[in-house]
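Structure first, then comments.
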Amino acid sequence: MASGRQITGEKNRSTAIVPIHIAAEHTGEPEDPRLSDVDEWGRSERTRAVARALYEPIYSKWFRTEWEGLEKIPAEGGALLVANHAGAIPSDAPVIMHGIEKELGRPVYGLADYFFRTVPVVGTLWARAGGVSARPANAYRLLKEQQQLALVFPEGTKGTSKSYTDRYQLRRFGRGGFVEIAMRAGVPVIPIAVIGAEEAMPIVLRLPTVARALGLPYFPVTANVLALGPLGVLTPFPAKFKLRVLAPVHFDVPADQDRYSKSRIMEESEGIRTLLQESVYDMLRDRRSVWFG
């Protein structure tokens, strides 16, 4: 027979099969609806921490990465990082992102073709590690509204699909869209010249028919595969990476204008490409060895 006593705390206990969420007392702060550390872009700090721990030996021991001019990257505020791009599976993006996060403690969001987000597993991992689809609206929000560092490679797949015979010859920077985004967001462009990526995974030849059949931008046959077999699909050669951060490029135009001069955009874009190309050639002249720098 039930007693008339009430067990302590029972009056607030829900008897529903599905527990009812009782909101905490209102404190004036908006409640965070996220149940994990994944931000609106899909980036996870826990994933980044794991990635940093796993990638550090590759960064410091395999590629033996060296930086010059890191102090030119601002400690706060938005900036668009622009670099040359190379390698069948490019190593330059993770090297730059890891290096800046390690040395400066600032997160870097890598802007890449939407294709990466469509690849099963790879798309999710890329987002968790800081990858964002390279759309103007995304770049603007990162740079202007959130004051983040964003990394872009204006050569796109034209850079990564180069054969070894064309190494370190920068391709066109498209229509200069990255310059317009920087102007609109009111942030500087910071060029980063990279050497080492061209030798880490050089392309011997491309198979366009296979690429079309698989829906890929290109299908490369690399020296890594020829030398290492299946292991070479994902294993880069231990080329020494050197990176040089150039002086920030500021644009003396108001932010958020309705339109910007197309000729000015193209002129600035070509000027930045020229700066990077000249810096790459200068670094190559000083390099004594692909493997030892």
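Per our numbering, the sequence shown starts with residue 20, numbered consecutively.
We put the CB at the ideal spot given by N, CA and C, even for glycine.
From a predicted model like this one, the values you see are computed outputs, not experimental measurements.
Which residue marks the beginning of the alpha helix (DSSP H) containing residue i, and which one marks its end?
i: Arg304; result: 281–305
i: Leu245; result: 242–247
i: Leu123; result: 111–123
i: Pro141; result: It should be noted that the sequence gives Val, not Pro, for residue 141. Unbroken alpha helix (DSSP H) run through Val141: 141–147.
Given a cut-off of 9 Å on the beta-carbon distance, is the pair residue i and residue j in contact?
i: Ser288; j: Val171; result: no
i: Leu4; j: Ile77; result: The displayed coordinates of the chain run from 20 to 312. Any statement about residue 4 would go beyond what the structure contains.
i: Ala148; j: Arg65; result: no
i: Ala105; j: Tyr237; result: no
i: Met220; j: Pro113; result: no
i: Leu235; j: Val244; result: no
i: Tyr279; j: Val272; result: yes
i: Ala212; j: Val299; result: yes
i: Arg225; j: Pro207; result: no
i: Met202; j: Ala274; result: yes
i: Ser180; j: Ile222; result: yes
Does the beta-carbon of residue i have 16 or more other beta-carbons within 10 angstroms, so that it is buried, or is it exposed?
i: Lys259; result: buried
i: Phe270; result: buried
i: Glu297; result: exposed
i: Trp145; result: buried
i: Leu130; result: buried
i: Ser308; result: exposed
i: Ser182; result: exposed
i: Phe192; result: buried
i: Ser79; result: exposed
i: Leu295; result: buried
i: Glu59; result: exposed
i: Gln276; result: exposed
i: Ser282; result: exposed
i: Ala42; result: A caution first: Ala42 carries a pLDDT of 43, below 50, which makes its placement in the model unreliable, though a value can still be read off. Counting Cβ neighbours within 10 Å, Ala42 comes out exposed, since fewer than 16 surround it.
How far does the beta strand (DSSP E) with residue i in it reach, from first residue to last?
i: Arg225; result: 222–225
i: Ala131; result: 127–131
i: Phe265; result: Note on identity: in this sequence residue 265 is Leu, with Phe being the wrong assignment. Run containing Leu265: none; DSSP gives neither H nor E here.
Against chain D, with Cβ distances strictly below 9 Å, would residue i count as a contact?
i: Leu189; result: Of the protein chains in the structure, only one exists, and it is not chain D.
Check: Can at least three beta-carbon pairs, one atom from the segment 163–178 and one from the segment 193–208, be found at a separation below 8 Å?
Finding: With the cut-off at 8 Å, the segment 163–178 and the segment 193–208 touch.
Item checked: Segments assigned beta strand (DSSP E), at least 3 residues, entirely inside the segment 165–246 -> Segments of the beta strand (DSSP E) lying fully in the segment 165–246: 168–171, 208–214, 222–225, 239–241.
Next item on the list: Counting only runs of 4+ residues fully inside the segment 62–97, write out the alpha helix (DSSP H) ranges in chain order.
Entry: Complete alpha helix (DSSP H) runs here, min 4: 64–76.
Notebook entry, point to check: Are at least three pairs of beta-carbons, each pair with one atom in the segment 115–126 and one in the segment 90–97, less than 8 Å apart?
Noted result: Cβ pair count under 8 Å is three or more, so yes.
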